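Here is the structure we will look at.
Protein chains: 2
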Amino acid sequence: MSAGERSHLEREIRQQPAALGAALERNVPAVEEITRELRGRGPLEQVVIAARGTSDNAARYAQYLIGARLGIPVALAAPSLTTMYGAPAVPRGARALVIAISQSGRSPDVVGVLESARAAGVPTLAITNDAGSPLAAAADAVLELGVGIERSVAATKTYAASLAVIAAFVARLGENAAATAALDDAPALVERAIELALEGVPALDPHHRAAHVVVVGRGFNYATALEVALKLRELTGAVAEGFSPPDLLHGPIAAVAAGTPALVVASPGRVRGSVLEAAQALRDRGAACIHIDDTPDADLRLPAGVAEWLSPIVAVIPGQVLALRWAQVGGHVVDAPPGLTKVTATY
Amino acid sequence: MSAGERSHLEREIRQQPAALGAALERNVPAVEEITRELRGRGPLEQVVIAARGTSDNAARYAQYLIGARLGIPVALAAPSLTTMYGAPAVPRGARALVIAISQSGRSPDVVGVLESARAAGVPTLAITNDAGSPLAAAADAVLELGVGIERSVAATKTYAASLAVIAAFVARLGENAAATAALDDAPALVERAIELALEGVPALDPHHRAAHVVVVGRGFNYATALEVALKLRELTGAVAEGFSPPDLLHGPIAAVAAGTPALVVASPGRVRGSVLEAAQALRDRGAACIHIDDTPDADLRLPAGVAEWLSPIVAVIPGQVLALRWAQVGGHVVDAPPGLTKVTATY
């Protein structure tokens, strides 16, 4: 790639507003139909989600959104139970919904969970960027992201679109018209977040050589912490870890050394106080806290006025841009990090 | 502590055979009564478990054991949904069991999940070392570990006893008399594992300064990978991370540099091939693989003939001894690592 030419990754980061807007629009009829049918089956008591990698972080967002809005527990599936131990993913006829999320729709273990659920007579839903994939074929219903081919190994626009489609699905399942309407603002908010990140990130370049980076987020933005950590790890090779504040304090903080950069996802919401307390504990150990927030003194500023449940779609942006920028400054191969592949087939 | 005097941690590691034996014996009547009552309520469709830190790793073992043996999905609870967002832990009257695991029984977020479940009319079970704790008071039923006070901040004997009690509970709930009987061998197997670890670990001391350590395990022993990583992290300050092979391959392997010690939990069982493939991928990146296995050429040898479902009680032992030994060689404070406390109250 010659100087000045943009990477696939940078282009895909910038495509996110359009991608998630298109994913939302495309799936209005499917979301309407699938949620109507699910409501007709009687009350759901649980949701099981199978996913890996970035899609597993989208599943984490779904866990919090479904838990907070619908009061339904979400189990993140352990696919090896099905593929290695031959156990059913859910009991026959359980009052459950099983969702699989996979950009490629081609990881056999994720497909296996959906097939097991379908065989048990439990409704299944695939969220994928490939409607022709084995995953889509195995599901009762499909929400197709339709964001076009993602060329960078590190997923960005498929993550944004996955979150948007999950949010639309949960809003409609809960018959929350206000939430459904609020999603219309998401593309513009993401656009603004990209502009702000491109301004703010270069000031943080001195940290780009860090071998260990911690990312803290809670509630809806626990997913953001995990996803930003995964981008940093994939793109820069840093050991980047996402934690919720309680998980960090129950042991792992012991490994945070002085000078460790700590990204703090402190966007407004009910968990903000808890996240700021964790930031103080990190500072007490000498960590260099980098705040992602909507206040003027934030290190990485977010657009203001974003509802907490919607904020993960926006708050991940500065983390993506930071990971891209640190990878560039460090001379890393951005689009195809060594040892990673776009479709990872695991069993 | 003068030279030659043992740490609380070392004493507690050595107490594990007696501790888990006593926990099993003490809980025979309670396990019998609780499982009889649960079976009388009709088929369970889901289990939700709330836990933090080491207890969360015990919960992970329960997730695999309940999934493999009973075919019931287990959701690891996100307590903030209850404490921060006010959502119910489970829908009213759900065909569920909610379990909380906590050595101290004093973390308000874990107690909150159990209280929420009880208010929803769903049966609750506490597994704790303190029958006088708020957690025990909040539960319909209690399995008391009864292993005596654990003085080391890093939990060992409460982990062993938690796994044993979970195994006894699941065996009885599934009316699996052979599994119940097999548990009688656990104390002797753990005793033998401690002897073997004390012989094998010193040869690995040159790795004790590693800043980053990876631990890989799958299926039942995914819990082992997570728990060994947590011990290494708490005791040595290394950034130690536990991964399942698929999770490692879906991105995080990008952060494994040449020379990184990688502990490979390769004890016999259905997932062994998958774990050995991950070890090869790690070696391809230059990682220094340390095999925990029951073969003669294992770096850390386990006793032979342990059933796969029972092996996490045994396979964690060399990891505990390794973490203790590397902490001693590195001059770390073993019993009370800086910044950690025995009871971590999170909300």
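Chains as they are written, first to last, in the numbering used here: chain V, 77 to 423; chain D, 77 to 423.
Glycine included, each C-beta is placed from N, C-alpha and C at the ideal position.
For clarity, every value in this text was computed on a predicted model and none was experimentally measured.
Item	Value
Please confirm if the region 392-407 of chain V is in contact with the region 231-247 of chain D, defined as three or more CB-CB distances below 8 angstroms between the two stretches.	no
Do you know how far the Cα of Asn205 (chain V) is from the Cα of His284 (chain V)?	32 angstroms
Could you give the DSSP three-state label for Thr200 (chain V): helix, strand or coil?	strand
Listing by chain order, which chain V residues have their CB less than 8 angstroms from the CB of Glu121 (chain D)?	Glu121, Gln122, Val166, Pro167, Ala170, Arg171, Ala172
Does the distance from the CB of Val218 (chain V) to the CB of Ala127 (chain V) come in under 8 angstroms?	no
Which value, in whole angstroms, describes the spacing of the CA atoms of Gly381 (chain D) and Ser387 (chain D)?	9 angstroms
Please check if any C-beta of chain D sits within less than 8 angstroms of the C-beta of Pro278 (chain V).	no
Between the alpha carbons of Gly143 (chain D) and Arg82 (chain V), how many angstroms are there, rounded?	46 angstroms
In the structure shown, what three-state DSSP assignment does Gln404 (chain V) receive?	helix
Measuring only the C-alpha atoms, how far is Thr312 (chain D) from Asp261 (chain V)?	47 angstroms
Have a look at the DSSP bridge pairing and note the partners of Ser192 (chain V).	Answer by DSSP bridge pairing: none, since Ser192 (chain V) is not bridged.
Only counting the same chain, and skipping five residues up and downstream in sequence, which positions put a Cβ closer than 8 angstroms to that of Ser156 (chain V)?	Asp185
Quick one: list the residues of chain V neighbouring Leu306 (chain D), beta-carbon separation under 8 angstroms, in chain order.	Gly327, Pro328
So, helix, strand or coil for Glu220 (chain D), using DSSP?	strand
Does any CB atom of chain V fall closer than 8 angstroms to the CB of Val246 (chain D)?	no
In the DSSP assignment, the alpha helix (DSSP H) including Val266 (chain V) goes from what residue to what residue?	262-276
Which term fits Ile148 (chain V), buried or exposed, when burial requires 16 or more other beta carbons within 10 angstroms of its beta carbon?	buried
Alpha carbon to alpha carbon, how far is Gly362 (chain D) from Ala342 (chain D)?	19 angstroms
Taking C-beta pairs closer than 7 angstroms, name the residues in chain D that Tyr137 (chain V) reaches, listed in chain order.	What Tyr137 (chain V) touches in chain D: nothing, since even the nearest Cβ is about 11 angstroms away.
Among the residues of its own chain, which have a CB less than 8 angstroms from the CB of Val266 (chain D), if the five just before and after it don't count?	Gln92, Pro93, Leu96, Ala236, Ile389, Val390, Ile393
In the DSSP assignment, the alpha helix (DSSP H) including Glu86 (chain V) goes from what residue to what residue?	84-90
Could you give the residue range of the beta strand (DSSP E) that holds Phe319 (chain V)?	315-319
Is there at least one Cβ from chain V nearer than 8 angstroms to Pro282 (chain D)'s Cβ?	no
Taking only three categories from DSSP, how would you classify Ser178 (chain D)?	strand
Run through DSSP, which three-state label would Asp411 (chain V) get?	coil
Identify every residue that forms a DSSP beta bridge with His326 (chain D).	None; His326 (chain D) has no bridge partner.
Judging by CA-CA distance, which residue of D:Arg294, D:Pro210, D:Ala287 is the nearest neighbour of Gly345 (chain D)?	D:Arg294
Can you name the residues of chain D whose CB is closer than 7 angstroms to the CB of Tyr140 (chain V)?	Ala154, Leu157
For Glu121 (chain D), count the other beta carbons within 10 Å of its own beta carbon; 16 or more makes it buried, fewer makes it exposed. Which is it?	buried
Pull up the distance between the alpha-carbon of Ile368 (chain V) and that of Val290 (chain V), whole angstroms please.	13 angstroms
Do Arg182 (chain D) and Gly327 (chain V) have their C-beta atoms within less than 8 angstroms of each other?	no
Who are Val377 (chain D)'s beta bridge partners in DSSP?	Note that residue 377 (chain D) is Arg in the sequence shown, not Val. D:Asp369, per the DSSP bridge assignment.
Could you name the residues of the same chain whose beta carbon sits closer than 8 angstroms to that of Pro167 (chain V), not counting the 5 residues immediately before and after it, in chain order?	Ala196
Cutting at 8 angstroms between CB atoms, please list the residues of its own chain near Ile125 (chain V), excluding the five before and the five after it.	Ala135, Ala138, Gln139, Val150, Ala151, Leu152, Ala153, Val174, Ile175, Ala176, Ile177
So, are the CB atoms of Val292 (chain V) and Ala354 (chain V) less than 8 angstroms apart?	yes
What does a CB cutoff of less than 7 angstroms around Leu324 (chain V) pick up in its chain, not counting 5 residues either side in sequence?	Val292, Ala354
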